[in-house]
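Q:
2 protein chains.
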Amino acid sequence: MPEDFNIEALDDVIHGRLRLGIMAYLSTAGSADFTTLKAKTQSSDGNLSVQVRKLEEAGYVTVEKTFAGKKPLTTITLSESGRKAFVAYLEAMRKLIDDST
Amino acid sequence: MPEDFNIEALDDVIHGRLRLGIMAYLSTAGSADFTTLKAKTQSSDGNLSVQVRKLEEAGYVTVEKTFAGKKPLTTITLSESGRKAFVAYLEAMRKLIDDST
DNA sequence: ATAAAGAACTTTACAAAATAAAGTACTTCA
DNA sequence: TGAAGTACTTTATTTTGTAAAGTTCTTTAT
């Protein structure tokens, strides 16, 4: 029985579907440009833009804008605090899974 | 790299915060009455009522209304299809965790 | 006997989030 | 040079989640 499963342990910023995908990808890749992230998460430009902004506002990623030749290049990088938050999220989720199986 | 992490593998009906808590509890308890579920998930009456209805509409739980003495008693039970869906959710989540750590 | 309080919900209203559509500012190709 | 494409952002719409209010009864106190 997941007696001690605290629903509040699941960070809402991370729990969002697309944001979870972004964090999962960045957790191993470290950083990625906008286009790659869009492909990996199979999301639309608009949605990705919005969700990356939210992660940025939470301090979980940093966003750097440069140019690759003539084209704009946005690079999203997982921050230290983002990594910590993601690890905590995974820990809470793992506990839920263990307790449920 | 969670190359194969398919964000769509995460069943949206289950992914919702409170619904996830309900499913997690029911996955081990099998069934519970409204009041118990409310206490275990620390939710409000209104929210619980709404989310249970959604799980019911998805066919993941069955809801039976009886009386305990004079008081109404609503019993929520995990269905076979609900268990399957939850297992699939856990499997997708486990894969995400494994790939991310 | 009856009013006040409480239990067990449901319904409706409101707020937040996700998605989709449209817009901007270029660049490249024909 | 103009049509299509890239790399985004902003705004609008839809969906979802939460909170507030309402309903129907029961229990307790007077």
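Chains as they are written, first to last, in the numbering used here: chain A, 1 to 101; chain B, 102 to 202. Beta carbons are placed, not taken as given, at the ideal position from N, Cα and C, and that holds for glycine.
1) Using 8 Å as the threshold, is the C-beta distance between residue 139 (chain B) and residue 146 (chain B) below it?
2) Leaving aside the five residues before and after residue 26 (chain A) along the sequence, list all residues of the same chain whose C-beta is less than 6 Å from its C-beta, in chain order.
3) Using Cβ-Cβ distances below 7 Å, what residues of the stretch 123 to 138 of chain B are close to chain A?
4) Using beta-carbon positions only, say whether residue 175 (chain B) and residue 112 (chain B) come within less than 8 Å of one another.
5) Taking Cβ-Cβ distances below 9 Å as the criterion, which residues of the stretch 40 to 66 of chain A are in contact with chain B?
6) Work out the CA separation of residue 28 (chain A) and residue 184 (chain B) for me, nearest whole Å.
7) Residues of the stretch 169 to 202 of chain B with a CB closer than 9 Å to any CB of chain A: list them in chain order, please.
8) Buried or exposed for residue 21 (chain A), going by 16 or more other Cβ atoms inside 10 Å?
9) Quick check: residue 193 (chain B) and residue 110 (chain B), are their CB atoms within less than 8 Å of each other?
10) Sorted by chain position, which residues of the same chain lie with C-beta nearer than 6 Å to residue 1 (chain A)'s C-beta, five sequence neighbours on each side aside?
11) Exposed or buried, which one is residue 63 (chain A) when buried takes at least 16 other CB atoms within 10 Å?
12) What residue does the alpha helix (DSSP H) around residue 142 (chain B) start on, and which one ends it?
13) Would a check of beta-carbon distances place residue 17 (chain A) closer than 8 Å to chain B?
14) Taking only the alpha-carbon atoms, compute the straight-line gap between residue 201 (chain B) and residue 90 (chain A) and give it to the nearest angstrom.
15) Grouping DSSP H, G and I as helix and E and B as strand, with all else coil, what is residue 202 (chain B)?
16) Can you tell which of A:35, A:15, A:41, A:87 has its C-alpha closest to the C-alpha of residue 65 (chain A)?
17) Since residue 144 (chain B) and residue 119 (chain B) should fall inside the 8 Å C-beta cutoff, what is the C-beta to C-beta distance between them, to a whole number of angstroms?
A: A quick look at the data gives this:
1) Numbered from 1 along the second sequence, position 38 holds the residue referred to as residue 139 (chain B). Numbered from 1 along the second sequence, position 45 holds the residue referred to as residue 146 (chain B). It is a contact, given that the beta carbons lie within the stated cut-off.
2) Taking the first residue of the first sequence as position 1, residue 26 (chain A) is located at position 26. Excluding positions up to five away in sequence, the list reads 78.
3) 125, 126, 128, 129, 130
4) The residue given as residue 175 (chain B) occupies position 74 in the second sequence. The residue given as residue 112 (chain B) occupies position 11 in the second sequence. No; because the gap between Cβ atoms is not below 8 Å, this pair is not in contact.
5) 40, 41, 42, 43
6) The residue given as residue 184 (chain B) occupies position 83 in the second sequence. The residue given as residue 28 (chain A) occupies position 28 in the first sequence. Their backbone Cα atoms lie some 31 Å apart in a straight line.
7) 187, 188, 191, 194, 195, 197, 198, 200, 201, 202
8) On the first sequence, position 21 is the one that residue 21 (chain A) refers to. Counting Cβ neighbours within 10 Å, residue 21 (chain A) comes out buried, since at least 16 surround it.
9) If you number the second sequence from 1, residue 193 (chain B) lands on position 92. If you number the second sequence from 1, residue 110 (chain B) lands on position 9. The answer is yes: Cβ separation under 8 Å.
10) The residue labelled residue 1 (chain A) in the question sits at position 1 within the first sequence. With a pLDDT of 39 at residue 1 (chain A), under the threshold of 50, the modelled position of that residue is not reliable, and the figure given next carries that caveat. No residues qualify anywhere along the chain.
11) The residue you call residue 63 (chain A) lines up with position 63 of the first sequence. Label assigned to residue 63 (chain A): exposed.
12) The residue given as residue 142 (chain B) occupies position 41 in the second sequence. That run of the alpha helix (DSSP H) goes 135 to 142.
13) Your numbering for residue 17 (chain A) matches position 17 in the first sequence. With 8 Å as the cut-off, residue 17 (chain A) counts as an interface residue toward chain B.
14) Residue 201 (chain B) sits at position 100 when you count from the first residue of the second sequence. Residue 90 (chain A) sits at position 90 when you count from the first residue of the first sequence. Taking the straight line joining both Cα atoms gives about 9 Å.
15) One-based indexing of the second sequence puts residue 202 (chain B) at position 101. In this structure, residue 202 (chain B) counts as coil in the three-state DSSP scheme.
16) To locate residue 65 (chain A), count along the first sequence from 1; it is residue 65. Out of A:35, A:15, A:41, A:87, A:35 has the C-alpha closest to the C-alpha of residue 65 (chain A).
17) As a position in the second sequence, residue 144 (chain B) is number 43, starting the count at 1. As a position in the second sequence, residue 119 (chain B) is number 18, starting the count at 1. Contact holds; Cβ gap of about 5 Å.
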